[in-house]
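Visitor: So for the sequence shown, UniProt numbering puts the first residue at 1; every next one is plus one. Note that the Cβ used here is the ideal one computed from N, Cα and C, for glycine as well. Fair warning: this is a prediction, and the values are worked out from it, not measured in the lab. Can you read through this structure? Questions will come right after.
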Amino acid sequence: MECENCRIETEKGTSILNSIKSVNIEKLQGTSISISTEDGLLKTKYLYAESSFLSSAAGDILLGSVHGDITIETKTGNITVDSADGCLKASTHQGMIDVYVSQGKNIDLKSQKGSITVKVPASFKAYLQLSGSKVDVSPEIELKEIQSAPKDGHITITGHMNQLNDTDQWIKATTQNGTIHLKSQSWFQSIKLQVP
1 MECENCRIET
11 EKGTSILNSI
21 KSVNIEKLQG
31 TSISISTEDG
41 LLKTKYLYAE
51 SSFLSSAAGD
61 ILLGSVHGDI
71 TIETKTGNIT
81 VDSADGCLKA
91 STHQGMIDVY
101 VSQGKNIDLK
111 SQKGSITVKV
121 PASFKAYLQL
131 SGSKVDVSPE
141 IELKEIQSAP
151 KDGHITITGH
161 MNQLNDTDQW
171 IKATTQNGTI
181 HLKSQSWFQS
191 IKLQVP
């Protein structure tokens with residue numbers, strides 16, 4: 001299916017659209033959402049669902065504000081999430097991952113060869129496990145109970161951000177050959193307002 005604008009609504013049941021080209025959607029809302037492309041860009045501004053699966057074999061995946069349990073996979077593309085609220089699992093083999101976690105519960109990010117950037121509000125509370133060839137934590141982020149384990153040119157840092165002993169909410173970021181960046185970012189910065 002190829003068109004300029006498409007609106008699909010269903011009270012019950014499933015809508016299935018197959019595309020090997022790019023997918024660019026303003027808003028997705030539903031109980032369960034699954035979108036896959038071969039090598040095109042997969043982009044959506046708003047995603048509200050209990051569970052979502054988004055994949056692209058070779059294309060980039062660009063998501064705005066996402067809510068619910070979300071799994072994102074791409075082999076060679078990059079993954080960008082402007083704001084995640086819920087559980088997020090994202091993986092890429094060669095691409096980079098850039099995620100702002102606004103109110104995430106469990107965040108699991110993996111890249112074999114690319115770097116991973118995780119941005120969180122300064123008040124965010126979570127257990128962190130960051131593993132890469134290098135781990136860069138912004139100075140404004142305070143980690144407690146930090147443990148560092150270097151091994152064979154690879155480093156794993158664990159610690160608690162703004163809390164102690166609670167591991168119910170966590171962020172795990174792992175890259176084999178890339179760098180992990182943990183940065184502080186406000187919600188206001190995440191909405192990327194353009195001033196004329």
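(1) Do you know offhand how far T156's Cα is from D108's?
(2) What is the DSSP secondary structure of H93, reduced to helix, strand or coil?
(3) On the DSSP letters alone, give me the boundaries of the beta strand (DSSP E) that N106 sits inside.
(4) So what does DSSP say about L143, is it helix, strand or coil?
(5) Can you tell me where the beta strand (DSSP E) holding F53 begins and where it ends?
(6) Determine whether the beta carbon atoms of I146 and G159 lie at a separation below 9 Å.
(7) E50 and S32 look like a contact to me (Cβ under 8 Å); what is the Cβ gap, rounded to whole Å?
(8) Can you tell me whether A126 is buried or exposed, with buried defined as 16 or more other CB within 10 angstroms of its CB?
(9) Could you tell me the distance, in whole angstroms, from the CA atom of K172 to the CA atom of K43?
(10) Using a Cβ-Cβ cutoff of less than 6 Å, which residues in the same chain neighbour Q129 once the five nearest sequence positions on both sides are dropped?
(11) Let me know the secondary structure DSSP gives A126 once reduced to three states.
(12) Less than 9 Å separating the beta-carbons of Y46 and G64?
(13) With burial defined as no fewer than 16 other Cβ atoms inside 10 Å of the residue's Cβ, what is the status of T37: buried or exposed?
(14) Would you give the residue range spanned by the beta strand (DSSP E) that I8 belongs to?
(15) Short of 8 Å in beta carbon distance, which residues of its chain neighbour V120, apart from the five on each side in sequence? Order them along the chain.
(16) Who are the near neighbours of S138 in its chain, counting only those whose CB is closer than 7 Å to its CB and skipping five residues on each side?
(17) For the candidate residues T175, Q103, E73, S148, whose alpha-carbon lies nearest to that of S83?
(18) Can you give me the start and stop residues for the beta strand (DSSP E) that N24 sits inside?
(19) Using 8 Å for Cβ pairs, my map puts G77 next to G178. What's the rounded Cβ distance?
Guide: Quick answer:
(1) Using only the alpha carbons, I get a separation of about 15 Å.
(2) H93: coil per DSSP, three-state reduction.
(3) Secondary structure note for N106: its beta strand (DSSP E) is the uninterrupted segment 106–111.
(4) DSSP places L143 in the strand class (E or B) of the three-state scheme.
(5) Here the beta strand (DSSP E) through F53 covers 42–56.
(6) Between I146 and G159, the CB-CB gap stays under 9 Å.
(7) The Cβ separation is near 7 Å, so the contact holds.
(8) A126 comes out buried.
(9) Distance between the alpha carbons of K172 and K43 is about 24 Å.
(10) For Q129, where only same-chain residues beyond five positions count, the Cβ hits under 6 Å are T158, K172.
(11) Three-state DSSP puts A126 in a strand.
(12) In contact: Y46 and G64 (Cβ atoms closer than 9 Å).
(13) The residue is buried, with at least 16 neighbouring Cβ atoms inside 10 Å.
(14) Careful: I8 lies outside any beta strand (DSSP E) and carries neither H nor E.
(15) Excluding residues up to 5 positions away in sequence, Y100, V101, A126, I141, M161, I171, L182, K183, S184, Q185 lie with their Cβ nearer than 8 Å to the Cβ of V120 in the same chain.
(16) By the criterion of a C-beta distance shorter than 7 Å, S138 is surrounded in its chain by L182, K183, S184, once the five residues flanking it on both sides are discounted.
(17) The residue with the shortest Cα to Cα distance from S83 is Q103.
(18) Element bounds for N24: 23–37.
(19) Contact flag wrong, Cβ pair sits at about 15 Å.
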